[in-house]
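2 protein chains.
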Amino acid sequence: MDTLTREQTEAMTGAEARAHFRAGLRVPTVDWASRYAQTNLISVPKDVAYDLLLFAQRNPKACPVLDVTDPGSPTTVLAEGADLRTDLPAYYIWRDGVMVEEVTDATEHWRDDLVTFVIGCSYTFERGLLDAGVPLRHHELGVTDPMWAVNIECRPAGRLSGPLVVGMRPIPAHLVATAVQVTARYPSVHGAPVHIGDPAALGITDLQKPDFGDPVPVGDDIPVFWACGVTTQAAVIASKLEFAITHSPGYMFITDVPDATYAL
Amino acid sequence: MDTLTREQTEAMTGAEARAHFRAGLRVPTVDWASRYAQTNLISVPKDVAYDLLLFAQRNPKACPVLDVTDPGSPTTVLAEGADLRTDLPAYYIWRDGVMVEEVTDATEHWRDDLVTFVIGCSYTFERGLLDAGVPLRHHELGVTDPMWAVNIECRPAGRLSGPLVVGMRPIPAHLVATAVQVTARYPSVHGAPVHIGDPAALGITDLQKPDFGDPVPVGDDIPVFWACGVTTQAAVIASKLEFAITHSPGYMFITDVPDATYAL
Numbered sequence: 044m045d046t047l048t049r050e051q052t053e054a055m056t057g058a059e060a061r062a063h064f065r066a067g068l069r070v071p072t073v074d075w076a077s078r079y080a081q082t083n084l085i086s087v088p089k090d091v092a093y094d095l096l097l098f099a100q101r102n103p104k105a106c107p108v109l110d111v112t113d114p115g116s117p118t119t120v121l122a123e124g125a126d127l128r129t130d131l132p133a134y135y136i137w138r139d140g141v142m143v144e145e146v147t148d149a150t151e152h153w154r155d156d157l158v159t160f161v162i163g164c165s166y167t168f169e170r171g172l173l174d175a176g177v178p179l180r181h182h183e184l185g186v187t188d189p190m191w192a193v194n195i196e197c198r199p200a201g202r203l204s205g206p207l208v209v210g211m212r213p214i215p216a217h218l219v220a221t222a223v224q225v226t227a228r229y230p231s232v233h234g235a236p237v238h239i240g241d242p243a244a245l246g247i248t249d250l251q252k253p254d255f256g257d258p259v260p261v262g263d264d265i266p267v268f269w270a271c272g273v274t275t276q277a278a279v280i281a282s283k284l285e286f287a288i289t290h291s292p293g294y295m296f297i298t299d300v301p302d303a304t305y306a307l
Numbered sequence: 044m045d046t047l048t049r050e051q052t053e054a055m056t057g058a059e060a061r062a063h064f065r066a067g068l069r070v071p072t073v074d075w076a077s078r079y080a081q082t083n084l085i086s087v088p089k090d091v092a093y094d095l096l097l098f099a100q101r102n103p104k105a106c107p108v109l110d111v112t113d114p115g116s117p118t119t120v121l122a123e124g125a126d127l128r129t130d131l132p133a134y135y136i137w138r139d140g141v142m143v144e145e146v147t148d149a150t151e152h153w154r155d156d157l158v159t160f161v162i163g164c165s166y167t168f169e170r171g172l173l174d175a176g177v178p179l180r181h182h183e184l185g186v187t188d189p190m191w192a193v194n195i196e197c198r199p200a201g202r203l204s205g206p207l208v209v210g211m212r213p214i215p216a217h218l219v220a221t222a223v224q225v226t227a228r229y230p231s232v233h234g235a236p237v238h239i240g241d242p243a244a245l246g247i248t249d250l251q252k253p254d255f256g257d258p259v260p261v262g263d264d265i266p267v268f269w270a271c272g273v274t275t276q277a278a279v280i281a282s283k284l285e286f287a288i289t290h291s292p293g294y295m296f297i298t299d300v301p302d303a304t305y306a307l
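Top to bottom, those sequences are chains A and B.
Residues in the first sequence are numbered from 44 upward in steps of one, following this note's numbering.
Residues in the second sequence are numbered from 44 upward in steps of one, following this note's numbering.
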């Protein structure tokens, strides 16, 4: 395949981007289909689906549920014709809370009893931030935003517990208030930040060593932290969940839903 | 008990109001504890709890879940010291989708396998409407707002399906836009209206004959319709659910959470 330019990948629809990933392309989705909502994905056996749905309800900033499939179904109302087993650029396969394999096609790991949760992602409000003049450093670098499992415990549900995961964006000080106001308008895709300006208060000791994603220089900016859907993966780890399939952090599912749909 | 004035009931905290209802007082909650969030309530057996949680996720305008209890538990994080079996002024007991009894104390019907859902109520944004100068006719009359099961089907989940239920408030034409803007700021308690101005389009033939609640004259106002948590009761009926306990429409659970908490 010829190399695609950023202009080309950003201009795609969700369906066009998914076709590339279905064909096997493995790249972070940060600069893809920039008008369409990207999401986290987690598939768990039916017998733990209630606990996960309740965990999401009890931790809605981190785990805003946009769709839940019927058991075994690889389709979602959010993307016509999409196959959730193949249409993400990369998946993690989890056993007993350990990530045992990264794959670009999850078909051979799929099971008839898997219930798949499509969970909102903060990428959805990034167009809103850029339109408001807020620079996004990880976009400038073409990398995934850095994420940490922090010292705030989620409210448990049944077998599931674990720490909150946050994503960080460095924001110029005079634009922090703007960033709060813009993202607050997107409550179903993480909404306003959970923390601003003090990484140590969250237990983060080195902003250049994220738990997930890529390091992004902060410079004179203020580090601003939003709740992140990777919180579900931290719960898989902390709860030693028997089996799960998730997206690889930064390698998201891209829907057909315009980002603006989730703005108030 | 001495008769309480509207000023007295409106000024109460949630805990003060609940104490009256726990003692057996059976009144609509429209003019009670006006600074605190009121909610819908539905308790179902554990084996249908996943279907109900999924039904709520798939129909979030009508069924915004604010808390879910552990099986058998009569307590909620939303109201310290509250007993969900006794602290509402009136309950409906449902068997096979039929309301078989109305009680002021649900203790004798409680079961160890009941999971209770606390679901947002549009009363939570009424203070916001009043503060913005939007008159509320059912408050002026001291009655419950009128509600209808309409011709819009909810998205089903497992064993649960049924029609959307809406509540109607007559709004002066020049204030309809204000009412939309104010209520849109409360997405977790039904948010913006689902329909404005055309009852026939919803299949409503007589605005003076509601399916639930009380009739309220419309006069020269515009009828504005918001999604309503009584949708869960319509699902109990349509799905012929074996057993459920709910609040009586208009006789809500009052929490300790200030209304303003749910405003963006």
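Backbone N, C-alpha and C define an ideal beta-carbon position, used for all residues, glycine too.
Where residue i meets chain B, residues with beta-carbon distance less than 7 Å
i: valine 108 (chain A); result: Gln100
i: proline 230 (chain A); result: Pro230, Leu307
Residue burial classification, residue i (beta-carbon count within 10 angstroms, cutoff 16)
i: arginine 49 (chain B); result: exposed
i: aspartate 110 (chain B); result: buried
i: asparagine 102 (chain A); result: buried
i: asparagine 83 (chain B); result: buried
i: threonine 248 (chain A); result: exposed
i: glycine 163 (chain A); result: buried
i: glutamate 145 (chain A); result: exposed
i: proline 213 (chain B); result: buried
i: valine 108 (chain A); result: buried
i: arginine 61 (chain B); result: buried
i: proline 292 (chain A); result: buried
i: glutamate 169 (chain B); result: buried
i: aspartate 241 (chain A); result: exposed
i: glutamine 51 (chain B); result: exposed
i: glycine 171 (chain A); result: buried
i: aspartate 174 (chain A); result: exposed
i: aspartate 155 (chain B); result: exposed
i: alanine 80 (chain B); result: buried
i: histidine 304 (chain B); result: It should be pointed out that residue 304 (chain B) corresponds to threonine in this sequence rather than to histidine. Threonine 304 (chain B) comes out exposed.
i: aspartate 310 (chain A); result: Residue 310 (chain A) lies beyond the residue range present for chain A, which begins at 44 and ends at 307; the question has no answer from this structure.
Where residue i meets chain A, residues with beta-carbon distance less than 9 Å
i: alanine 105 (chain B); result: Here the premise fails: no neighbours, minimum Cβ distance about 15 Å.
i: alanine 227 (chain B); result: Leu307
Any non-hydrogen atom of the ligand PLP within 7 Å of residue i CB
i: isoleucine 297 (chain B); result: Questions concerning the ligand PLP fall outside what the structure shown contains, since it holds no ligand whatsoever.
Three-pair Cβ contact test at 8 Å for the stretch 180-188 of chain A versus the stretch 72-85 of chain A
yes
Near-chain A residues of the stretch 200-224 of chain B (beta-carbon distance less than 9 Å), N- to C-terminal order:
Legend: CB atoms of the stretch 200-224 of chain B lying less than 9 Å from CB atoms of chain A belong to residues Ala200, Gly201.
For the stretch 110-141 of chain A, which residues have a CB atom closer than 9 Å to at least one CB atom of chain B, in sequence order?
Asp110, Val111, Asp113, Val120
According to a CB-to-CB cut-off of less than 8 Å, which residues of the stretch 48-69 of chain A neighbour chain B?
Within the stretch 48-69 of chain A, no residue has a Cβ that lies closer than 8 Å to any Cβ of chain B.
Members of the stretch 274-302 of chain A near chain D, C-beta cut-off 8 Å:
No chain D is present in this structure, whose protein chains are A and B.
Please name the residues in the stretch 84-99 of chain A whose beta-carbon is closer than 7 Å to at least one beta-carbon of chain B, in chain order.
Ala92, Tyr93, Leu96, Leu97
Taking only runs that begin and end inside the stretch 99-165 of chain A, name each unbroken beta strand (DSSP E) of 3 or more residues, in chain order.
108-111, 134-138, 141-146, 157-163
Give a yes or no on contact between the stretch 113-126 of chain B and the stretch 111-128 of chain A, applying the rule of three or more CB pairs nearer than 8 Å.
no
Any 3 or more C-beta pairs closer than 8 Å across the stretch 272-289 of chain A and the stretch 217-226 of chain A
no
Could you tell me whether the stretch 235-254 of chain A touches the stretch 262-271 of chain A, using the rule of 3 or more Cβ pairs below 8 Å?
yes
Pairs of beta-carbons, one from the stretch 120-134 of chain B and one from the stretch 220-232 of chain B, closer than 8 Å: are there three or more?
no
Given 8 Å as the limit, is there contact between the stretch 136-151 of chain A and the stretch 279-286 of chain A, that is, 3 or more CB pairs closer than that?
yes
For the stretch 154-227 of chain A, which segments carrying the alpha helix (DSSP H) assignment without a break, of at least 4 residues, lie completely within its bounds, in sequence order?
You should have 169-174, 180-184, 219-227.
Tell me the start and end of each unbroken alpha helix (DSSP H) in the stretch 53-91 of chain B that is at least 4 residues and wholly inside, in chain order.
Annotation note: the stretch 53-91 of chain B contains the following uninterrupted alpha helix (DSSP H) runs of length 4 or greater, listed N- to C-terminal: 57-65.
Counting pairs of Cβ atoms below 8 Å between the stretch 195-213 of chain B and the stretch 127-134 of chain B, do you hit three or more?
no
What are the complete beta strand (DSSP E) segments, minimum 3 residues, inside the stretch 245-295 of chain A?
265-270, 286-290
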